[in-house]
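J.: The sequence shown stops at residue 676 when you use my numbering, and every number in between is there.
Glycine included, each C-beta is placed from N, C-alpha and C at the ideal position.
If you scroll down you'll find the structure; I have some questions about it.
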Amino acid sequence: MGKTIAEKILEAHLLSGRMEPGQEIGLRIDQTLTQDATGTMAYLEFETMGIPRVRTEKSVAYIDHNTLQSGFENADDHRYIQSVASKYGIYFSRPGNGICHQVHLERFGKPGKTLIGSDSHTPTGGGLGMLAFGAGGLDVAVAMGGGAYYIQMPKMYKVELTGRLRPFVTAKDISLELLRILSVKGGVGAIIEWGGSGIACLSVPERATITNMGTELGATTSIFPSDEVTRAFLAAQGREEDYVPLSSDPDARYDRVISIDLDALQPMIACPHSPDNVVSVESLAGTKVDQVCIGSCTNSSLEDLLKVAAMLRGKQIAPGVSLSVSPGSKQVLRMLADCGALSDILASGARLLECACGPCIGMGFSPNSGGVSLRTFNRNFLGRSGTKDAQVYLVSPETAAAAALYGCITDPRTLGEMPPVVMPEAFTIDDSAILPPAENGAAVEVLRGPNIKEFPQSRPFADRLEAELVLKVGDNITTDHIMPAGAKILPYRSNIPFLSQFCFRVCDETFPERARAAGDGIILGGSNYGQGSSREHAALVPMYLGIRCVIAKSFARIHAANLINAGILPLTLKNETDYDRIAQGDKLVLTDIRAGMASGKVLLTDETAGFTTELLCSLTKRQQAILLAGGLLNYTKERAV
Ligand code: MIC
Ligand code: SF4
């Protein structure tokens with residue numbers, strides 16, 4: 036039988052397991068990436084493994100999230116990561132060099148290779164034909180040490196594009212349209228392959244916008260074929276030798292096929308507070324806008340910003356709008372400067388921000404109270420911008436530029452002709468901000484600052500757990516609810532005790548205190564619990580606060596893995612109606628946990644409500660052993676001796 040692109044790459048990297056849906060498979064990982072907000076933890080974990088040098092083909096440490104330095108914390112963390120990278124054989128991309136996914140695409144990504152990154156948007160690499168996964172920091176640490184990366188064999192979905200994008204309709208609109216069709220849960224358990232005649236008109240950065248936002252669908256990853264478009268991109272980056280062609284077989288089998296007709300597509304917009312809350316831009320035209328932000332790993336390529344510059348050229352932004360532009364990389368910024376497009380952007384009244392995540396993760400540029408912000412980003416979760424009552428919408432760079440000019444949501448197609456944009460034949464190559472590791476790592480001293488606190492210790496599982504249900508939450512809880520980010524909190528990503536004060540505060544201000552007071556605790560969630568970021572802090576911090584188990588209708592993939600790695604037991608409701616019977620504050624008892632882990636069913640007694648019910652526990656043998664050892668770090672250490 037024919038194979039999909041993903042199946043071909045999986046097969047070539049298979050270390051264990053059978054490639055049958057739902058089975059756990061172990062994969063050899065060629066490349067890893069980290070960013071600073073998850074990187075400090077990943078490197079602390081790597082250090083405890085006692086491995087002298089990474090065993091991957093290429094590992095890169097980026098600094099792009101925590102770049103505001105309003106105290107010693109971020110600066111110390113940057114210095115720690117730089118020294119650790121140099122010691123253990125990891126390339127170091129300096130702050131200011133750009134957003135990890137954009138730089139990785141430009142300088143390191145290779146078709147046919149596997150990549151895992153401690154950031155949920157690592158699937159951006161799928162735009163180049165890589166099989167790229169977001170993962171928790173501990174999984175990345177293990178892969179750097181040469182260990183396998185485990186996933187459940189996903190289903191295969193295909194999105195067939197026909198026709199051509201019309202002027203002012205973009206790759207971002209394709210992503211938003213798919214989110215409208217599938218929702219933030221629609222890609223769970225699947226790899227999405229993109230194909231059809233319509234992909235020929237999409238450049239690699241446009242494809243990367245689409246694979247980037249596959250994360251918002253909950254997909255395991257997304258991938259495009261590697262074709263002449265890929266070759267041309269790699270050649271323009273001076274890396275044509277990295278090109279290999281990749282396509283699916285004509286008789287490859289897909290579990291689901293979705294078609295999108297590009298000729299009929301129009302500009303789309305995701306409304307507050309979820310990326311799948313999508314309508315047409317046209318339907319919201321005239322809504323007043325206070326702020327527009329262009330950038331993030333979704334839409335900060337040279338091509339995106341040349342289009343924005345062309346639309347802004349010779350014009351002024353509306354007086355009521357504040358516009359920020361954050362180029363995705365130093366390469367993008369230098370090329371904008373060299374061709375004069377930067378000048379067009381600045382002359383329009385835009386504010387230029389660093390080549391970093393910036394406002395996307397609430398690091399500056401928070402909207403005014405109740406403000407309407409249009410962003411070219413991928414997430415508009417409640418509170419993520421740093422202003423809890425802000426109304427954040429997600430759009431394409433073209434729709435963003437149109438809103439900045441007119442001060443209200445504007446369908447860019449009403450602006451007349453799209454000014455022509457010509458992409459240069461070759462990109463400017465300047466890798467001076469990517470520092471190679473030391474030849475002799477043993478001689479490098481790792482530099483630590485006082486903000487780096489100890490990794491919290493999790494405990495092995497006993498057979499019985501008596502605990503209070505300390506929090507009950509609804510569907511689609513994101514990691515931004517569990518462990519918020521933003522300028523005030525993000526500098527403390529290596530300080531779990533400090534972070535713990537902010538856990539779940541978007542939902543319930545009293546949670547951290549109540550959880551601590553309760554001792555052992557349990558959380559009850561709805562469906563798709565833990566969607567969003569790969570931050571393992573959303574598991575480590577609850578673990579630090581005493582959470583031993585999370586019960587939900589269903590879990591997001593990376594978060595479920597992070598819970599297990601942190602030694603927290605994820606259980607799913609067998610009868611969804613039990614959700615309504617269990618109340619916050621109830622005393623819960625789980626019995627025969629060990630046997631239940633093996634049989635797939637754990638008994639729960641709600642002593643307060645007075646009933647007993649069965650919960651599902653779908654753990655592989657490896658995951659059971661991790662939980663019984665008290666988390667992946669303990670498990671890895673136990674096996675090393
Ligand atoms: C995000 O977009 O939420 C982040 C910040 O990039 C996270 C990683 C993190 O929390 O550090 C992600 O997507 O994984
Ligand atoms: Fe950075 Fe935002 Fe991309 Fe996350 S989604 S990596 S915060 S730009």
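#1: Could you tell me if the beta carbon of Asn597 falls within a distance shorter than 8 Å of some heavy atom in the ligand SF4?
#2: Using only alpha-carbon positions, find the residue among Leu358, Asn334 and Glu642 that is nearest to Thr205.
#3: Here's the rule I'm using: 16 or more other beta-carbon atoms within 10 Å means buried, otherwise exposed. How should Glu46 be labelled?
#4: CB of Ile98 to nearest heavy atom of the ligand MIC: below 8 Å?
#5: For a test of your reading of the model: does the CB of Ile396 fall under 8 Å from any non-hydrogen atom of the ligand SF4? Yes or no.
#6: Does DSSP put Cys374 in a helix, a strand or coil?
#7: For the ligand MIC, is there a heavy atom less than 8 Å away from the beta-carbon of Asn563?
#8: Taking the Cβ atom as the reference point for each residue, do Glu228 and Met188 lie within a distance shorter than 9 Å?
#9: With hydrogens ignored, establish whether the beta-carbon of Cys236 is closer than 8 Å to any heavy atom of the ligand SF4.
#10: Compute the minimum distance between the beta carbon of Thr514 and the heavy atoms of the ligand MIC, and state whether it is under 8 Å.
#11: On the three-pair Cβ rule with 8 Å, is the segment 117-132 touching the segment 147-167?
#12: Considering only residues of the segment 94-155, which uninterrupted beta strand (DSSP E) runs meet the minimum length of 3 residues and lie entirely inside it, listed in chain order?
#13: Measuring from the CB of Ile134, is there a heavy atom of the ligand SF4 at a distance below 8 Å?
#14: Using only the alpha-carbon positions, how far apart do Arg142 and Ile98 sit?
#15: Can you tell me which of the three DSSP states Lys423 falls into?
#16: In the DSSP assignment, find the unbroken beta strand (DSSP E) run with Thr256 in it and report its ends.
#17: For the beta strand (DSSP E) containing Ser315, list its first residue and its last residue.
#18: Once you ignore the five residues that flank Gly405 on each side, which residues in its own chain have a CB closer than 6 Å to its CB?
#19: For the ligand SF4, is there a heavy atom less than 8 Å away from the beta-carbon of Phe412?
#20: Who does Ser51 pair with in a DSSP beta bridge?
#21: Is the number of C-beta pairs between the segment 394-409 and the segment 485-499 that are closer than 8 Å three or more?
#22: Assess, as a yes-or-no matter, whether the segment 563-574 is touched by the segment 621-635 under the definition of 3 or more beta carbon pairs within less than 8 Å.
#23: Would you kindly work out how many angstroms separate the C-alpha atoms of Tyr564 and Ala382, rounded to a whole number?
#24: Thinking C-beta only, is Val457 closer than 9 Å to Pro310?
#25: Which first and last residues belong to the beta strand (DSSP E) in which Gln187 is found?
#26: What is the residue span of the alpha helix (DSSP H) that Met518 lies within?
#27: Taking the alpha carbon of Lys38 as the reference point, which residue from Tyr614, Phe107 and Asp286 has its own alpha carbon closest?
#28: Tell me whether Met191 sits in a helix, a strand or coil according to DSSP, three-state version.
#29: For Thr647, count neighbouring C-beta atoms within 10 Å of its own C-beta (all shown protein chains included) and say buried if the count is 16 or more, exposed if not.
#30: Would you tell me roughly how many angstroms separate the C-alpha atoms of Ile44 and His594, rounded to the nearest one?
#31: With hydrogens ignored, establish whether the beta-carbon of Asp154 is closer than 8 Å to any heavy atom of the ligand SF4.
#32: Using DSSP with H/G/I as helix, E/B as strand and the rest coil, what is Leu79?
#33: Compute the Euclidean distance between the alpha carbons of Leu341 and Leu297, then round it to the nearest angstrom.
#34: Asp379 and Leu347 - do their beta-carbons sit closer together than 9 Å?
T.: Inspection of the coordinates gives the following:
#1: Start at 1 with the first residue of the sequence shown, and residue 597 comes out as number 562. Answer for Asn597: no, Cβ out of range of the ligand SF4.
#2: Residue mapping note: residue 205 aligns to position 170 of the sequence shown, counting from 1. Closest by alpha carbon: Asn334.
#3: Residue numbering aside, residue 46 sits at position 11 when the sequence shown is read from its first letter. Exposed, by the Cβ-count rule.
#4: Indexing the sequence shown from 1 puts residue 98 at position 63. Ile98: no, Cβ never under 8 Å from the ligand MIC.
#5: Here residue 396 refers to the residue found at position 361 of the sequence shown. Yes, the ligand SF4 has a heavy atom inside 8 Å of this Cβ.
#6: By one-based count along the sequence shown, residue 374 stands at place 339. Residue state, collapsed to three classes: helix.
#7: Counted from its first residue, the sequence shown places residue 563 at position 528. Because no heavy atom of the ligand MIC lies under 8 Å away, the Cβ of Asn563 does not count as near it: no.
#8: Translated into the one-based positions of the sequence shown, residue 228 becomes position 193. Translated into the one-based positions of the sequence shown, residue 188 becomes position 153. Result no, Cβ atoms of Glu228 and Met188 do not sit closer than 9 Å.
#9: In the sequence shown, residue 236 corresponds to position 201, counting from 1. Every heavy atom of the ligand SF4 is 8 Å or more from the Cβ of Cys236, so no.
#10: Start at 1 with the first residue of the sequence shown, and residue 514 comes out as number 479. Thr514 Cβ: within cutoff of the ligand MIC.
#11: no
#12: 126-128 and 149-152
#13: Locating residue 134 in the sequence shown gives position 99, counting from the first residue. Yes, Cβ of Ile134 sits closer than 8 Å to a heavy atom of the ligand SF4.
#14: Reading the sequence shown from its first residue, position 107 is the one you call residue 142. Reading the sequence shown from its first residue, position 63 is the one you call residue 98. The C-alpha of Ile98 is placed about 15 Å away from the C-alpha of Arg142.
#15: On the sequence shown, position 388 is the one that residue 423 refers to. If DSSP states are grouped into helix, strand and coil, Lys423 belongs with coil.
#16: To locate residue 256, count along the sequence shown from 1; it is residue 221. Counting along the chain, the beta strand (DSSP E) containing Thr256 begins and ends at Thr256 to Ile258.
#17: The residue labelled residue 315 in the question sits at position 280 within the sequence shown. It spans Val313 to Ser315 - the beta strand (DSSP E) in which Ser315 sits, taken as one unbroken run.
#18: Here residue 405 refers to the residue found at position 370 when the sequence shown is read from its first residue. The residues are Asp424.
#19: In the sequence shown, the residue the question calls residue 412 occupies position 377. Taking the Cβ of Phe412 as the reference point, at least one heavy atom of the ligand SF4 falls within a distance shorter than 8 Å.
#20: What you label residue 51 is simply residue 16 of the sequence shown in a count that begins at 1. Paired residues: Gly61.
#21: no
#22: No contact exists between the segment 621-635 and the segment 563-574.
#23: Taking the first residue of the sequence shown as position 1, residue 564 is located at position 529. Taking the first residue of the sequence shown as position 1, residue 382 is located at position 347. Spanning the two alpha carbons is a distance of roughly 45 Å.
#24: Within the sequence shown, the letter at position 275 stands for residue 310. Within the sequence shown, the letter at position 422 stands for residue 457. Result no, Cβ atoms of Pro310 and Val457 do not sit closer than 9 Å.
#25: The residue you call residue 187 lines up with position 152 of the sequence shown. From DSSP, the beta strand (DSSP E) with Gln187 extends over Tyr184 to Gln187.
#26: Mapped onto the sequence shown, residue 518 falls at position 483. Segment: none, Met518 is in no alpha helix (DSSP H) and carries neither H nor E.
#27: In the sequence shown, counting from the first residue as 1, residue 38 sits at position 3. Of Tyr614, Phe107 and Asp286, the residue nearest in Cα terms is Asp286.
#28: Counted from its first residue, the sequence shown places residue 191 at position 156. The answer is strand: DSSP assigns Met191 an E or B state.
#29: Your numbering for residue 647 matches position 612 in the sequence shown. That one is exposed.
#30: The residue given as residue 44 occupies position 9 in the sequence shown. The residue given as residue 594 occupies position 559 in the sequence shown. Ile44 and His594: Cα-Cα distance of roughly 24 Å.
#31: Locating residue 154 in the sequence shown gives position 119, where the first residue counts as 1. Within the chosen limit of 8 Å, the ligand SF4 reaches the beta carbon of Asp154 through at least one heavy atom.
#32: By 1-based counting over the sequence shown, the position of residue 79 is 44. Helix at Leu79.
#33: The residue labelled residue 341 in the question sits at position 306 within the sequence shown. The residue labelled residue 297 in the question sits at position 262 within the sequence shown. Computed Cα separation, rounded: 22 Å.
#34: Within the sequence shown, residue 347 is the residue found at index 312, counting from 1. Within the sequence shown, residue 379 is the residue found at index 344, counting from 1. The answer is yes: Cβ separation under 9 Å.
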